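Everything in the sequence shown is counted per the numbering used here, starting at 2 for the first residue and increasing by one. Every residue, glycine too, gets a C-beta built ideally from N, C-alpha and C. The model shown is predicted, which means the values in this text are computed figures rather than measured ones. Read the structure below first, then the notes.
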Amino acid sequence: MGQLTGARENVKMIAPKEFLEKYSWDGKRDEESLIIRAMCLGTTDEIITIMKTYETERLREIYLRRIGEFVASNRTFWKLMLDVTDEEYNRALAENPRAAWNMPPFR
């Protein structure tokens, strides 16, 4: 399973509300949307905080259901980090028409 180990274990945890707030630049308050933005645009420390704060199963569910909101490089990274099988990945892409469009949904 893709887990962060070694030196990264010593990274200072950031309070989830604290770092998610900066991803609400348009006033969006939906936690799931802010998690996705942080997953795609977050710093190394924020990604580590995400992995330590949220259960892997919850992140997998969000990732697979809303895979169209991730660009190809983010999809690959999170596929590995969340230990998503090729079958699950391909099914999620096929079920999400937005996934074929490789433009970032936000920036």
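For the alpha helix (DSSP H) containing residue i, name the first residue and the last one.
{"i": "E56", "result": "Element bounds for E56: n/a, residue is neither H nor E."}
{"i": "E96", "result": "87-96"}
{"i": "L83", "result": "Per DSSP, L83 belongs to no alpha helix (DSSP H) and is neither H nor E."}
{"i": "A39", "result": "32-42"}
If residue i sits next to residue j, beta carbons under 8 Å apart, how far is it from one beta carbon to the other, in whole angstroms?
{"i": "E41", "j": "N97", "result": "The question names Glu, but residue 41 in the sequence shown is Cys. Not really, about 15 Å apart at Cβ, beyond 8 Å."}
{"i": "G69", "j": "A95", "result": "Actually they do not touch by this definition, with Cβ atoms about 11 Å apart."}
{"i": "V85", "j": "Y64", "result": "7 Å"}
{"i": "T57", "j": "L83", "result": "6 Å"}
So what's residue i in DSSP terms, helix, strand or just coil?
{"i": "Y64", "result": "helix"}
{"i": "F71", "result": "coil"}
{"i": "D27", "result": "coil"}
Thinking just about the alpha-carbon of each residue, which of the options is nearest to the one in residue i?
{"i": "F71", "options": "I36, T54, E47", "result": "I36"}
{"i": "R92", "options": "F78, M82, R67", "result": "R67"}
Indicate whether at least one CB of chain C lies closer than 8 Å to the CB of residue i.
{"i": "S25", "result": "In the structure shown, chain C cannot be found, because there is only a single protein chain."}
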